[in-house]
Amino acid sequence: MNRRQALSVALCSAPAAALANRPAADRPRSQGKPSKITSIEVLHLEKPLKERFWMANAPIGGVHPRATRLIVTLHTDSGISGQGEGSGGGADLFRKGFGDLILGEDPFMVGRICEKMFASTYSRELVKRGWSERGVISAMAPVDAALYDIMSKSTGLPLYKFLGGYRDSVPVYVTGGYYREGKGIAELVEEIRGYVDQGFNAIKLKVGGITGGYSVDDDYARAKVVREAVGPKIKLMLDANNGWDVETTIRASNKMYDLDITWLEEPLHWYDDVEPLKQVKLNTRIPLASGEHEITRWGARRLMETGAIDFVQFDANAHGGITEWRKIAGMAAMCHMQMAPHHEPVLHGHLLASIPNGYILESFANPDRDPFWFELYDGRPKIEKSVLYLDDTPGMGVEFNQKALERYGTKVT
Numbered sequence: 000m001n002r003r004q005a006l007s008v009a010l011c012s013a014p015a016a017a018l019a020n021r022p023a024a025d026r027p028r029s030q031g032k033p034s035k036i037t038s039i040e041v042l043h044l045e046k047p048l049k050e051r052f053w054m055a056n057a058p059i060g061g062v063h064p065r066a067t068r069l070i071v072t073l074h075t076d077s078g079i080s081g082q083g084e085g086s087g088g089g090a091d092l093f094r095k096g097f098g099d100l101i102l103g104e105d106p107f108m109v110g111r112i113c114e115k116m117f118a119s120t121y122s123r124e125l126v127k128r129g130w131s132e133r134g135v136i137s138a139m140a141p142v143d144a145a146l147y148d149i150m151s152k153s154t155g156l157p158l159y160k161f162l163g164g165y166r167d168s169v170p171v172y173v174t175g176g177y178y179r180e181g182k183g184i185a186e187l188v189e190e191i192r193g194y195v196d197q198g199f200n201a202i203k204l205k206v207g208g209i210t211g212g213y214s215v216d217d218d219y220a221r222a223k224v225v226r227e228a229v230g231p232k233i234k235l236m237l238d239a240n241n242g243w244d245v246e247t248t249i250r251a252s253n254k255m256y257d258l259d260i261t262w263l264e265e266p267l268h269w270y271d272d273v274e275p276l277k278q279v280k281l282n283t284r285i286p287l288a289s290g291e292h293e294i295t296r297w298g299a300r301r302l303m304e305t306g307a308i309d310f311v312q313f314d315a316n317a318h319g320g321i322t323e324w325r326k327i328a329g330m331a332a333m334c335h336m337q338m339a340p341h342h343e344p345v346l347h348g349h350l351l352a353s354i355p356n357g358y359i360l361e362s363f364a365n366p367d368r369d370p371f372w373f374e375l376y377d378g379r380p381k382i383e384k385s386v387l388y389l390d391d392t393p394g395m396g397v398e399f400n401q402k403a404l405e406r407y408g409t410k411v412t
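Residues 0 to 412 in numbering that gives the first Met the number 0 are what the sequence shown lists, from first letter to last.
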């Protein structure tokens, strides 16, 4: 090493060494960057639906059809706040002190916070506080999203770029074609044509309604008339919502193969819907999608290890949040599988735009089915010709509409 090199090393390393040796409390912080979560607000939103939208065996929202959301707002010492949206589960945990795990934490230490929350699922704290494992997983999702909203806002980046960024738009499909009381084939065709008129080039409809009186032949007739109505260029997905057994799934998928189906989603009954998918895969040519009901990366891993699915539908809005979703997306990439998450286009739009194996995003175009997409957001992403476009607004890129929060929200904490 010559004298110039030695001097350069000394000049560069001395300040770094001095900084490393200083107590953490004395180290300079980036001005304006939050270092502590100071308070938490939680709202539970609920709006009754005007009619029953039946899946295979149950209507959307259950016995009393309704749309629900859980909105978590985290405030910090810098004045920057982050908001996260959940599926509606987990509200009871916040009434029982779940927020105590988050208060005082550095929002940039998201890995530690997530592990702290998850660790409560296997501790005595769970019983002492009256929590549940599934409740914790649900509550984690909006908290994790709010943390990422804070971090990306603090850096002045939209969430998808904060996460690494891969593109600024993602393909979108629309879900419809529910079994609707008093409405038959003519109304189904009218509905689906309406989606095409709105510019959608990918559509998902419901099948599997055996317990509602719909045979495989009936479902084939519904899918066939839709295919004929939209033509060959529109992607068509089928969602059985766990309505069939293995034998029926194989028979139905082979019957529907000639309709050029992009995927068949969650065909098997809930109680045994992982390992038997391998038998389905060996006996059908339609690609399979599943994963929206998995609540952790371990469950998603078991599903992917079957080698039976082509599309992973893990829901960051309902289970675990962004941190868990991205771990699953990484595993999916290694298994040569693509991510096609269930529901909630705002959050999942950013997530799909941040990875190379993001396939397509779910959306809803009927305000009677998903009223919050139409009422809850100010500045929601634009969907045009089956593509969702993201801009450079820092964070999640939307604000929650105050009138909607006041109209449908109940304060939890």
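All C-beta atoms, glycine included, are put in the ideal place defined by N, C-alpha and C.
To the nearest angstrom, how far is the alpha carbon of residue i from that of residue j?
| i | j | result |
| --- | --- | --- |
| residue 166 | residue 353 | 7 Å |
| residue 215 | residue 229 | 21 Å |
| residue 404 | residue 375 | 7 Å |
| residue 311 | residue 331 | 7 Å |
| residue 102 | residue 74 | 9 Å |
| residue 261 | residue 252 | 11 Å |
| residue 29 | residue 152 | For residue 29, the pLDDT reaches just 42, beneath the cut-off of 50, and the residue's location in the model is therefore unreliable, leaving the point undetermined. |
| residue 57 | residue 314 | 19 Å |
| residue 335 | residue 183 | 39 Å |
| residue 305 | residue 47 | 39 Å |
| residue 407 | residue 39 | 19 Å |
| residue 401 | residue 241 | 37 Å |
| residue 190 | residue 148 | 36 Å |
| residue 27 | residue 33 | Any answer about residue 27 is weak, because its pLDDT of 36 lies below 50 and its placement is not dependable; what the coordinates show is given next. Whole-angstrom Cα-Cα distance: 13 Å. |
| residue 195 | residue 187 | 13 Å |
| residue 333 | residue 355 | 12 Å |
| residue 145 | residue 307 | 34 Å |
| residue 235 | residue 290 | 19 Å |
Starting from residue i, trace the alpha helix (DSSP H) both ways and give me its first and last residue.
| i | result |
| --- | --- |
| residue 268 | Note, residue 268: premise wrong, no alpha helix (DSSP H); not H, not E. |
| residue 413 | Nothing about residue 413 can be reported from this structure: the residues present for the chain run from 0 to 412 only. |
| residue 134 | 132 to 153 |
| residue 368 | Looking at the DSSP string, residue 368 is not in any alpha helix (DSSP H), and its letter there is neither H nor E. |
| residue 194 | 184 to 196 |
| residue 90 | 90 to 94 |
| residue 66 | Residue 66 -> not in any alpha helix (DSSP H); beta strand (DSSP E) instead, spanning 65 to 75. |
| residue 408 | Not the alpha helix (DSSP H): residue 408 falls in the beta strand (DSSP E), residues 408 to 410. |
| residue 112 | 109 to 118 |
Less than 9 Å between the beta carbons of residue i and residue j, yes or no?
| i | j | result |
| --- | --- | --- |
| residue 249 | residue 206 | no |
| residue 143 | residue 320 | yes |
| residue 137 | residue 92 | yes |
| residue 264 | residue 272 | no |
| residue 316 | residue 343 | yes |
| residue 116 | residue 318 | no |
| residue 393 | residue 210 | no |
| residue 175 | residue 203 | yes |
| residue 395 | residue 82 | yes |
| residue 387 | residue 135 | no |
| residue 85 | residue 157 | no |
| residue 300 | residue 323 | no |
| residue 286 | residue 309 | yes |
Between which two residues does the beta strand (DSSP E) carrying residue i extend?
| i | result |
| --- | --- |
| residue 45 | 36 to 47 |
| residue 81 | 80 to 85 |
| residue 169 | 168 to 174 |
| residue 383 | 381 to 383 |
- Could you tell me whether the stretch 30 to 49 touches the stretch 59 to 79, using the rule of 3 or more Cβ pairs below 8 Å? The stretch 30 to 49 vs the stretch 59 to 79: in contact.
- Contact between the stretch 214 to 228 and the stretch 52 to 65: three or more CB pairs below 8 Å? no
- Would you check if there are 3 or more beta carbon pairs closer than 8 Å linking the stretch 242 to 257 to the stretch 274 to 290? yes
- Message: If contact is defined by three or more beta carbon pairs under 8 Å, each pair taking one atom from either stretch, is the stretch 90 to 106 in contact with the stretch 121 to 134?
- Response: yes
- Message: Pairs of beta-carbons, one from the stretch 115 to 127 and one from the stretch 47 to 59, closer than 8 Å: are there three or more?
- Response: no
- Query: Do the stretch 381 to 388 and the stretch 73 to 90 meet, that is, are 3 or more Cβ pairs less than 8 Å apart?
  - Reply: no
- Item | Unbroken stretches of the beta strand (DSSP E), 3 residues or longer, contained in the stretch 228 to 290 | Taken in chain order, the complete beta strand (DSSP E) segments of 3 residues or longer contained in the stretch 228 to 290 are 234 to 238, 262 to 264 and 287 to 289.
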